[in-house]
Structure formats: structure tokens, C-alpha cells
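Count along the sequence shown from 1, add 735, and you get the number used in the numbering used here.
Glycine is no exception: its CB is placed at the ideal position from the N, C-alpha and C atoms.
Remember, it's a predicted structure, so these values are computed and weren't measured experimentally.
Let me begin by presenting the structure, written as C-alpha cells, before commenting on it.
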Amino acid sequence: MKNYLSIQLVIKKVFDWCLGLILLMLLWPVFVLIAVAIKLDSRGPVFFKQMRVGQNQRQFECYKFRSMYCYNDESIHRKLIEQLMTQDKEQKQASIIVYEKINVKRITRCGRILRKFKLDELPQIWNVVKGDMSFVGPRPAIDYEIKYHNQNMLRRFNVKSGLTGLWQINSGRSIDYKNMVTMDLYYVDHWSLLLDFKIILKTISLLCGIARKP
Numbered sequence: 736m737k738n739y740l741s742i743q744l745v746i747k748k749v750f751d752w753c754l755g756l757i758l759l760m761l762l763w764p765v766f767v768l769i770a771v772a773i774k775l776d777s778r779g780p781v782f783f784k785q786m787r788v789g790q791n792q793r794q795f796e797c798y799k800f801r802s803m804y805c806y807n808d809e810s811i812h813r814k815l816i817e818q819l820m821t822q823d824k825e826q827k828q829a830s831i832i833v834y835e836k837i838n839v840k841r842i843t844r845c846g847r848i849l850r851k852f853k854l855d856e857l858p859q860i861w862n863v864v865k866g867d868m869s870f871v872g873p874r875p876a877i878d879y880e881i882k883y884h885n886q887n888m889l890r891r892f893n894v895k896s897g898l899t900g901l902w903q904i905n906s907g908r909s910i911d912y913k914n915m916v917t918m919d920l921y922y923v924d925h926w927s928l929l930l931d932f933k934i935i936l937k938t939i940s941l942l943c944g945i946a947r948k949p
């Protein structure tokens, strides 16, 4: 059984690296167009870089296209995480509504389009090629989230973080943190290449659905 899992892990690693390189070569014109749009829309760098926690709780620099104005205040998100981990269900919903109202003012015009079509995540393909991430896996955490993890929750770092995963394709508009961790742990406990394949297909289906919306 261990040998079978080891073979699957090797296949996953090779798949990530090969697909990542292919996508980078195919999408470089898109990267250039997005970079120009970001620079024309607002002042600041093209890329947003943030330290994230991945496999084995190792920190790595995660890349995104910048979708917010440069005066972004990290404490707003930090406060939301604290509320999502400590409040009851009704309080969480109220906190999410307040956060979304504040957050929408911080997002640039270009950023709204990038986020709608998930284009802001494209630079993470480079994280996949570097080996920091996989195409499928748990969402990479921010360091201040870790203090709310118990020993069981920390198991989500037993595998590589992913561009997409069970939470991303099932959450809808919900950002319930504990629900996200539950899905991440299910992925860790039931991982297989077949599960990855199903998640990728569902992700493509959702993206196509977004693209068809007016």
C-alpha cells in the first residue's frame, strides 16, 4: 500500500511540474496583458507577495497578481480570522458582511475583474513549478492563522498546499474557516490521484460557468 501511494505521489509531482511549465509557456501573453492592466489601473507593483505556510508548516513566498490598492491593512483580515475561529454562527455571518463591505473598497477596478475570473491566482503556477505548491491541495495558510489550529487541524499541512481544492469547489460564498479546515483534513485522509482528477474537473467546470456569466 505504501509503495502504491509513493508511486502516486511521484506521478503527482511530475504532473504538477510538467503542467506548470506548459501553462507558463502558453499563458505568458496573458500575464503581460494583466500586468499592463494593473499598472494602468493603479499605482503599485504588479505582483502581490505574501508569506504563506505550506507542507510541514514550511513558509514560502506566495505570488498573486495585485488586486488591491497599496494601502491594504492586513489587520482587517487578521481580525476576521479571529472572529471566524471564536464566534458562533450568527456572529460569524455578521462579521463576514462587515468584512466584505470594507474589503470591496480596497479592491481596484482591475482587481475586481481578476478576482471574478480567478486570474489573480495565476502567478501561483510559478509556486507549483518551484515545488512550494501543487495544483490540488489545502489552501496555503497565513502565519497568524496557525495559533487557532489544534494538533488535529495541523494535519492539513501534511500535504502540499494547492491552487484549488475541496474547499474552493464546495464553499460557494462561504468563508467559514472551520468548515474549510474540515474539508482540508478530508482531503489529507482520502487523497488519491483520482480525487485530484475529480477536483480539477470540477474546478474547470466552475471556471467555465463563471466565464459564461455576463
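Collapsing the DSSP output to three states places T843 in coil.
Three or more beta-carbon pairs separated by less than 8 Å are not found between the segment 836–850 and the segment 861–869, which leaves the two stretches without contact. In this structure, S802 places its C-beta atom within 7 Å of the C-beta atom of L849. Of I773, A770, M760 and Y912, the smallest CA-CA separation from E817 is found for Y912.
Judged by their CB atoms, I757 and F800 are not nearer to each other than the 7 Å cut-off. Counted as a single uninterrupted DSSP element, the beta strand (DSSP E) harbouring Q794 occupies residues Q794 to F800.
Counting only runs of at least 4 residues, the segment 891–949 fully encloses the following alpha helix (DSSP H) elements, listed from N- to C-terminal order: 901–905, 912–925 and 928–947. Beyond the five residues adjoining it in sequence on each side, R874 comes within less than 8 Å, by CB distance, of S896, G897, G900, W902, Q903, M915 and D919 in the same chain, given in chain order. In the assembly as shown, M868 is a buried residue. Its beta-carbon has 16 or more other beta-carbons within 10 Å. For K827, the three-state secondary structure derived from DSSP is helix.
Judged by beta-carbon spacing, L815 lies within the 7 Å limit of Y834, meaning their Cβ atoms are closer than that value. A straight line joining the alpha-carbon of S940 with that of A772 spans about 26 Å. Nearest C-alpha to I811 among F783, N791, I832 and F766: I832. The continuous stretches of beta strand (DSSP E) do not include R874, and DSSP gives it neither H nor E.
In the three-state reduction of the DSSP assignment, R778 falls in the coil class. The beta carbon of I935 lies closer than 8 Å to those of F870, V871 and T899 in the same chain, with the five residues before and after it left out. Assignment of Q790 by DSSP, reduced to helix, strand and coil, places it in the helix class.
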